[in-house]
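One structure is given below, encoded as structure tokens.
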Amino acid sequence: MIVRRHAPFTALFIILTILAIAPLLAVLGYTFFENGTLSFESLLSVLQNNSIVETMQNSLLLGLYVIAFTTCIALPLAIIRTKTFLVKSEWLDIVFIIPFMTPPYIGSMGWILFMQHNGYYEQLFSAEAPFSFFSVAGMVFIMSMHLYPFLYLMLKNALMRIDGSFQDATLIYGGNPVLNWIRVILPLLISSYIMAALLVFIKTLAEFGTPVTFGKRIGYDVFTTEIHAYLSRWPINISAATSLSLVLLTVCMVIWYIQNIISHKYTYGIHSGKSASSSQPKDSLSIRIFSTGYVLIILGLSIGVPYFSIIATSLLKVRGEPLSFNNLTISHYEELFTIGSSSFTALMNSINFAFVASTIAVLIGFCIALYVRDAKRKPQQLLDFTSLLSNIIPGIIFVVGLILFWNAAWLPTTVYNTNWMPILTYIVLFLPYSVQYTKSALSQLHPSIHHSNAVFAQNNRMILLKVWLPLLGQGILAGWMMTFIISMRELVGSLLILPPSVETSATFIYSQFEQGDVSKGMAMAVITVLLTVLCIFLIELLQRKALHTQ
Amino acid sequence: MIIRLKDIEKKYDNVQAVKPIDVTIEDTFVTILGQSGCGKTTLLKMLAGLTEPTSGEILFDDQTIFSKSQKINVKPNKREIAMVFQDFGLWPHMTVFENVAFGLRGKLSKTERADVVRDALLKVKLEAKASMKPGELSGGQQQRVALARAIAVNPNLILFDEALSALDAILREQMREEILTIVQSIGSQAIFVTHDQTEAMAMSDSMIVMDTGDVVQTGSPEEIYYSPANPFVANFIGKTNWIEDNERMIRPENVHLYPQKNTTCRSGVIKKSMYAGDRYVIFAETNGQLWKFYDNHPHQQGTNIKLYVQENNIHSLTKQEA
Chain A
17 MIVRRHAPFT
27 ALFIILTILA
37 IAPLLAVLGY
47 TFFENGTLSF
57 ESLLSVLQNN
67 SIVETMQNSL
77 LLGLYVIAFT
87 TCIALPLAII
97 RTKTFLVKSE
107 WLDIVFIIPF
117 MTPPYIGSMG
127 WILFMQHNGY
137 YEQLFSAEAP
147 FSFFSVAGMV
157 FIMSMHLYPF
167 LYLMLKNALM
177 RIDGSFQDAT
187 LIYGGNPVLN
197 WIRVILPLLI
207 SSYIMAALLV
217 FIKTLAEFGT
227 PVTFGKRIGY
237 DVFTTEIHAY
247 LSRWPINISA
257 ATSLSLVLLT
267 VCMVIWYIQN
277 IISHKYTYGI
287 HSGKSASSSQ
297 PKDSLSIRIF
307 STGYVLIILG
317 LSIGVPYFSI
327 IATSLLKVRG
337 EPLSFNNLTI
347 SHYEELFTIG
357 SSSFTALMNS
367 INFAFVASTI
377 AVLIGFCIAL
387 YVRDAKRKPQ
397 QLLDFTSLLS
407 NIIPGIIFVV
417 GLILFWNAAW
427 LPTTVYNTNW
437 MPILTYIVLF
447 LPYSVQYTKS
457 ALSQLHPSIH
467 HSNAVFAQNN
477 RMILLKVWLP
487 LLGQGILAGW
497 MMTFIISMRE
507 LVGSLLILPP
517 SVETSATFIY
527 SQFEQGDVSK
537 GMAMAVITVL
547 LTVLCIFLIE
557 LLQRKALHTQ
Chain B
92 MIIRLKDIEK
102 KYDNVQAVKP
112 IDVTIEDTFV
122 TILGQSGCGK
132 TTLLKMLAGL
142 TEPTSGEILF
152 DDQTIFSKSQ
162 KINVKPNKRE
172 IAMVFQDFGL
182 WPHMTVFENV
192 AFGLRGKLSK
202 TERADVVRDA
212 LLKVKLEAKA
222 SMKPGELSGG
232 QQQRVALARA
242 IAVNPNLILF
252 DEALSALDAI
262 LREQMREEIL
272 TIVQSIGSQA
282 IFVTHDQTEA
292 MAMSDSMIVM
302 DTGDVVQTGS
312 PEEIYYSPAN
322 PFVANFIGKT
332 NWIEDNERMI
342 RPENVHLYPQ
352 KNTTCRSGVI
362 KKSMYAGDRY
372 VIFAETNGQL
382 WKFYDNHPHQ
392 QGTNIKLYVQ
402 ENNIHSLTKQ
412 EA
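Quick mapping for you: the protein sequence lines, in order, are chains A and B. Heads up: the first sequence runs through residues 17 to 566, numbered per the working numbering. Heads up: the second sequence runs through residues 92 to 413, numbered per the working numbering.
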């Protein structure tokens with residue numbers, strides 16, 4: 017009976033151990049064990065290396081700059097969305113997700129194409145850019161344009177919650193509106209802000225796409241690009257890569273720990289029963305113009321410019337010649353959809369890998385979410401934490417670990433160098449999405465649903481078929497699409513673990529951009545972002561429908 | 092059915108949610124009464140099989156339903172019970188009919204199911220709503236669906252977990268009666284968890300009063316009202332007037348304004364009068380204690396009055412406590 021009762025936990029835990037824990041242990045083992053004995057040599061030698069200090073400094077500074085800049089963009093945006101006539105424009109939030117969901121390497125390629133010498137900026141304005149875009153500032157700008165929606169959504173939600181009766185209470189008991197804002201709203205907002213900012217910091221540290229495309233051009237190396245270089249550039253230095261991964265892991269863990277403390281200590285129950293007053297704010301014309309203008313500028317910079325660049329480039333007949341109708345062609349798209357072409361094969365590979373990976377991830381995620389429920393018991397918490405590990409640990413560390421683990425000599429069989437390797441990698445990296453989507457669908461149900469099932473259903477099969485699938489189906493499907501779409505364009509894992517001569521759309525775009533036909537690469541990029549945007553809308557639709565039926 | 096709980100207890104880590112309990116339940120309609128957090132819902136969930144006791148045994152007649160030592164734990168769906176939840180626990184994607192029929196799947200054929208469901212919906216007067224979804228119904232109607240679902244499976248025992256707490260006062264009183272009638276009509280037993288003393292007293296043949304994880308008193312509502320086992324029960328169920336030693340008490344309805352047979356007299360000062368609809372609750376200070384009694388008109392604050400109490404209506408709490 018004991019065995020049977022613990023069977024679900026044991027099975028799920030074994031799966032998660034193989035997927036997520038084993039690779040992390042492999043990183044630790046490789047760094048600290050040499051010929052079976054404990055040794056700190058490789059870690060020390062890496063730490064003493066001068067360039068490491070610089071890399072670390074680069075990464076951390078980049079994180080701080082990006083926090084500062086995303087704050088400058090996101091805070092006004094959040095205020096505009098909650099305090100002006102735009103408060104009703106729910107659809108804006110979906111639009112703001114687009115830059116966040118655009119693969120960062122594609123966004124950064126768009127900006128490079130726009131700002132580079134002879135780029136679209138010079139063509140459109142017939143003048144050189146008045147400042148040097150190819151600097152750290154440019155990199156911070158590109159990364160902020162990718163990450164600000166994250167900070168914006170968290171701040172906006174916090175501001176929304178603070179509204180309602182809190183607001184009314186401040187109006188009655190408080191004095192001057194500005195002082196009210198500083199005394200009441202700001203302190204309530206600050207914990208949400210710090211948490212979001214720390215997550216932005218982790219995301220910046222973990223980011224690979226922009227540093228590898230833009231950072232390389234300006235010689236700005238960070239953790240992720242260095243780890244990638246150690247593993248892909250001759251002479252290959254695995255122990256340097258693992259040591260560096262450990263340093264990055266430590267930094268992320270420390271930040272995550274701080275974030276946890278803050279969220280436990282300083283999060284107030286700011287759910288005031290009644291929702292915000294529904295009266296439409298009456299804004300003056302200048303405020304209307306300013307807020308509309310601000311939103312348009314931000315959207316123009318974060319979507320307009322990069323999307324324009326990649327679409328224009330994908331349509332160019334001859335690169336180097338200016339944009340004109342004579343110089344446009346759809347031949348790159350024709351080639352992309354020619355069966356047997358290298359680009360078509362890469363696209364199909366991506367779709368196949370992502371399809372299998374997201375399907376398996378959703379199955380595992382569904383089981384985990386059902387087991388974890390409200391995470392009250394210790395085994396539930398353990399499983400919950402393990403399944404969400406890749407949310408806080410940068411993908412590249414898992415990739416390094418996966419390479420080491422699946423190359424271990426003692427393994428009787430391995431998926432390394434097969435098509436299962438990228439699939440496995442995507443599952444490990446994106447499992448949190450399928451877990452969280454199912455969990456959020458579950459959380460919208462009354463807690464007593466579980467009890468109803470236990471008391472009235474005759475067997476588990478019936479609970480699965482008649483209750484969970486119809487009730488959670490939409491959430492599961494949304495999770496599946498999310499996993500599918502981000503697996504499809506994943507770059508760093510694909511660069512490092514694809515079997516020889518296998519390409520995915522992401523590696524195809526990267527290699528064509530670096531040394532090949534940029535237009536071909538951009539045609540693929542356009543297809544990728546189109547699929548992404550399509551999926552965002554479908555997911556949004558599913559989530560709304562699910563909310564509506566409850 | 093005789094339900095026996097033998098040394099049933101529940102610990103969460105180091106927190107004792109329910110202390111070892113020994114209770115035998117034979118009556119048809121039993122309520123478990125206590126303040127929130129006293130462990131009453133945990134006790135009910137242990138009976139249902141939704142929470143596993145840390146130790147002890149549960150028997151339904153002579154069948155062991157749970158036993159820690161013998162490693163027996165019959166699943167909830169095999170205990171021949173039904174349950175009605177505070178938040179109803181209806182499946183939002185199924186129609187009323189499907190919700191009620193769900194517990195019969197795998198037991199009865201489709202046509203048999205239809206008959207049973209129709210019967211159950213008829214009993215709760217919801218036959219017209221069979222094809223609606225729970226979300227389209229009012230709270231009271233949803234709770235009736237939950238009740239129909241419970242009686243449809245023809246259980247030996249129906250467990251009610253704060254089943255009426257989510258309803259408004261008028262509906263609550265109406266549902267009390269209906270639940271009693273329906274449960275009696277199908278010949279099932281019922282255990283009803285509530286924090287509402289009037290509800291508990293009105294509905295039950297016998298009551299189990301709980302406080303901080305412990306059963307403090309069991310008995311008929313009358314026994315518990317007139318002979319509470321300790322000050323907690325006395326204060327929790329009904330209003331109390333304490334005698335100076337704080338070990339004896341008298342209920343307000345036994346305090347009179349005019350002398351009767353064998354009454355002793357004490358003087359007091361009126362503090363306030365509160366209108367309760369059918370009568371006034373008068374607060375008066377007497378010998379340093381604040382007493383309550385009833386009258387059909389208000390009294391002027393500050394007036395001196397005489398209160399008459401019969402010695403034999405004074406209940407002493409020290410005896411039972413020992």
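Idealized CB from N, CA, C, for every residue including glycine. Computed from a predicted model, the values in this text were never measured in an experiment.
I'd like to confirm the pairing. Which residues does DSSP put opposite residue i in its beta bridges?
{"i": "residue 382/B", "result": "375/B"}
{"i": "residue 355/B", "result": "400/B"}
{"i": "residue 175/A", "result": "Its beta-bridge partners do not exist; DSSP assigns none."}
{"i": "residue 332/B", "result": "341/B"}
{"i": "residue 103/B", "result": "106/B"}
{"i": "residue 95/B", "result": "115/B, 150/B"}
{"i": "residue 363/B", "result": "374/B"}
Which chain A residues sit within Cβ distance under 8 Å of residue i?
{"i": "residue 197/B", "result": "474, 475, 478"}
{"i": "residue 244/B", "result": "472"}
Which bits of chain B does residue i rub up against, with CB to CB less than 7 Å?
{"i": "residue 483/A", "result": "182"}
{"i": "residue 486/A", "result": "184"}
Of all Cβ atoms in chain A, is any one closer than 8 Å to the Cβ of residue i?
{"i": "residue 168/B", "result": "yes"}
{"i": "residue 172/B", "result": "yes"}
On the three-state DSSP scale, how would you describe residue i?
{"i": "residue 320/B", "result": "coil"}
{"i": "residue 485/A", "result": "helix"}
{"i": "residue 551/A", "result": "helix"}
{"i": "residue 80/A", "result": "helix"}
{"i": "residue 145/A", "result": "coil"}
{"i": "residue 390/B", "result": "coil"}
{"i": "residue 280/A", "result": "helix"}
{"i": "residue 293/A", "result": "Here residue 293/A scores only 49 on pLDDT, less than 50, and its place in the model is too uncertain to base an answer on."}
{"i": "residue 495/A", "result": "helix"}
{"i": "residue 406/B", "result": "strand"}
{"i": "residue 66/A", "result": "helix"}
{"i": "residue 288/A", "result": "For residue 288/A, the predicted structure reports a pLDDT of 45, less than 50, and the residue's modelled location is therefore unreliable. The matter cannot be settled from this model."}
{"i": "residue 126/B", "result": "coil"}
For residue i, would you say it is in contact with chain B, using Cβ-to-Cβ distances shorter than 8 Å as the test?
{"i": "residue 395/A", "result": "no"}
{"i": "residue 470/A", "result": "yes"}
{"i": "residue 293/A", "result": "Note that residue 293/A scores 49 on pLDDT, short of 50, meaning its location in the model is unreliable; the coordinates nonetheless yield the value given after this. With 8 Å as the cut-off, residue 293/A does not count as an interface residue toward chain B."}
Taking just the CA atoms, how far does residue j sit from residue i?
{"i": "residue 292/A", "j": "residue 177/A", "result": "Interpretation of residue 292/A is limited by its pLDDT of 47, a score under 50 that renders its predicted location unreliable; no figure is taken from the coordinates."}
{"i": "residue 311/B", "j": "residue 189/B", "result": "38 Å"}
{"i": "residue 259/A", "j": "residue 62/A", "result": "7 Å"}
{"i": "residue 303/A", "j": "residue 458/A", "result": "41 Å"}
{"i": "residue 405/B", "j": "residue 382/B", "result": "14 Å"}
{"i": "residue 42/A", "j": "residue 357/A", "result": "38 Å"}
{"i": "residue 289/A", "j": "residue 204/B", "result": "Any reading at residue 289/A must be qualified, since the residue scores a pLDDT of 44, below 50, and its modelled position is unreliable; the value itself is stated next. Residue 289/A and residue 204/B: Cα-Cα distance of roughly 42 Å."}
{"i": "residue 551/A", "j": "residue 487/A", "result": "21 Å"}
{"i": "residue 278/B", "j": "residue 559/A", "result": "45 Å"}
{"i": "residue 514/A", "j": "residue 182/B", "result": "45 Å"}
{"i": "residue 125/B", "j": "residue 115/B", "result": "18 Å"}
Could you work out which residues of chain A lie near residue i, taking near to mean beta carbons separated by less than 7 Å?
{"i": "residue 178/B", "result": "462, 464"}
{"i": "residue 86/B", "result": "Outside the modelled stretch of chain B, which goes from 92 to 413, sits residue 86/B, for which no answer is possible."}
{"i": "residue 415/B", "result": "The requested residue 415/B does not occur in the structure, where chain B is confined to residues 92 to 413."}
Residues of chain A with CB under 9 Å from residue i, in chain order?
{"i": "residue 240/B", "result": "468, 472"}
Does the Cβ of residue i lie closer than 7 Å to at least one heavy atom of the ligand PLP?
{"i": "residue 232/B", "result": "This structure lacks the ligand PLP, and indeed carries no ligand of any kind."}
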